[in-house]
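Data first, discussion second: the structure below is written as structure tokens.
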Amino acid sequence: MPEGHTLHRLANALDDAFAGRQVAVASPQGRFAEAAALLHGRTVDAASAHGKHLFVDVDSGLTWHVHLGLIGKFTLTAASGDPAADLPRGEVRARISDGVTIGDLRGPAACEVLTAGEVSDIVGRLGPDPLRADADPEMAWVRIHRSSRPIAALLMDQAVLSGIGNVYRSEVLFRNRLNPRRPGNRLARRSWLAIWADLTYLMPIGVRTGSIDTVRPEHEPAAMGREPRQDDHGGEVYVYRRANQACHVCGSRIRTAVLDGRNLFWCGNCQRRG
DNA sequence: CCTCTATGGCGAA
DNA sequence: TCGCCCTAGAGGC
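In structure tokens:
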């Protein structure tokens, strides 16, 4: 689930559900009891996201900081009114509720309550986020064009730009026909600007739909006479997790390799640009 | 039952 | 670069 679009979508949903509402916050398994106690009974001011970080401001002036990591999930459901039916299921690390909506947090990498200064420190370490209106792609370009690391690694570095994960990096490189191993300092400036423009196009779609759909209309299953993608790892994609399958554009076998500790996918035929 | 995997990131070596 | 943390679902035996 969690690339930047997931967190922005979640922030929107939390803001809709809880802004202006007094909330109960509990840590059913006790792991985050300290954080829950600081939030319990407070009124939510606003929820927001920066990169893959979620921030929920409350009326004490403190902020709930959540990072979902690789496996974390934060689900919102309508309270049924039946306490037995609403009991936490699974490893619920934190539950927030106003009696109308229940938010359950599972498997987070971070769940803590921070001061405004601590929040600033975190945000200050992040590169520009394509989902934020204040984001400046030049901030990322300054680092990219000085680095010898491959562009596929730089895209995943949250200090260079934030919110991009393992699906978006493979997909945006494919869509722009870029060689994933091209070093940042040999990447054309126009290629970077194309990547950024594409991310600012793709990621808001992810926020709206909740899944990562990257396939252009002319390559969609109906247009190509193939079966729609049937798995839980996003929507229609060109290369992500399609190792050894045929490229939707040229038919070549999709390649995979570990790059920067994560599985990268690309088409060696389509992606030759720098 | 078991093992493996995952849209992430940290710290040790 | 590697091990490790966290949860849940899938697949193998």
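Following our numbering, the residues of the first sequence are numbered contiguously, the last one being 299.
Virtual Cβ for every residue (Gly too), placed ideally from N, Cα, C.
If you're wondering where the values come from, they're calculated on a predicted model, not measured in any experiment.
#1: Which residue wins for smallest C-alpha separation from residue 144, given the options 175, 74 and 185?
#2: Verify whether the separation of the beta carbon atoms of residue 135 and residue 52 is less than 7 Å.
#3: Distance check for residue 147 and residue 87, CA to CA, integer angstroms please.
#4: Residue 238: which of 192, 218, 285 and 275 sits nearest, CA to CA?
#5: So what does DSSP say about residue 37, is it helix, strand or coil?
#6: Quick check on residue 128: does DSSP put it in helix, strand or coil?
#7: In whole angstroms, what is the alpha-carbon distance linking residue 186 and residue 224?
#8: Closest to residue 221 by C-alpha separation, out of 262, 164, 293 and 236, would be which residue?
#9: Determine the DSSP secondary structure at residue 32, reduced to helix, strand or coil.
#10: Within the segment 38 to 85, note down every full beta strand (DSSP E) run reaching 3 residues or more, in order along the chain.
#11: Would you list the one or two residues that DSSP bridges to residue 99?
#12: Between which two residues does the beta strand (DSSP E) containing residue 88 stretch?
#13: According to DSSP, residue 137 sits in a beta bridge with which residue or residues?
#14: Return the chain-ordered list of same chain residues with a C-beta closer than 6 Å to the C-beta of residue 82, the five sequence neighbours on each side being excluded.
#15: Quick one: what does DSSP say residue 118 is sitting in, helix, strand or coil?
#16: Would you tell me roughly how many angstroms separate the C-alpha atoms of residue 280 and residue 33, rounded to the nearest one?
#17: Measure from the alpha carbon of residue 171 to the alpha carbon of each residue in 217, 114 and 113, then state which is nearest.
#18: If residue 161 sits next to residue 29, beta carbons under 8 Å apart, how far is it from one beta carbon to the other, in whole angstroms?
#19: Could you have a look at residue 225 and say whether DSSP puts it in helix, strand or coil?
#20: Could you check where the alpha helix (DSSP H) with residue 282 kicks off and where it finishes?
#21: Give a yes or no on contact between the segment 244 to 252 and the segment 201 to 208, applying the rule of three or more CB pairs nearer than 8 Å.
#22: Below 8 Å on the Cβ atoms is my contact criterion, and I expect residue 131 with residue 97 to pass it. Report the Cβ-Cβ distance as a whole number of Å.
#23: Are the Cβ atoms of residue 196 and residue 262 separated by less than 7 Å?
With the structure as the only source:
#1: 74
#2: no
#3: Pairing residue 87 with residue 147, the inter-Cα distance amounts to about 14 Å.
#4: When only C-alpha atoms are compared, the closest one is 192.
#5: helix
#6: strand
#7: 11 Å
#8: 164
#9: helix
#10: Within the segment 38 to 85, the beta strand (DSSP E) runs of at least 3 residues that lie entirely inside it are, in chain order, 49 to 51, 69 to 75 and 78 to 83.
#11: 130
#12: 88 to 92
#13: Per DSSP, 90.
#14: If we look at residue 82 and ignore the five residues flanking it on each side, its Cβ neighbours are 70, 71 and 88.
#15: strand
#16: About 31 Å.
#17: 217
#18: That belief does not hold up - the Cβ atoms of residue 161 and residue 29 are roughly 16 Å apart, past 8 Å.
#19: helix
#20: That residue, residue 282, is in no alpha helix (DSSP H); its beta strand (DSSP E) goes 280 to 284.
#21: no
#22: Rounded, the Cβ-Cβ distance is 7 Å, consistent with contact.
#23: yes
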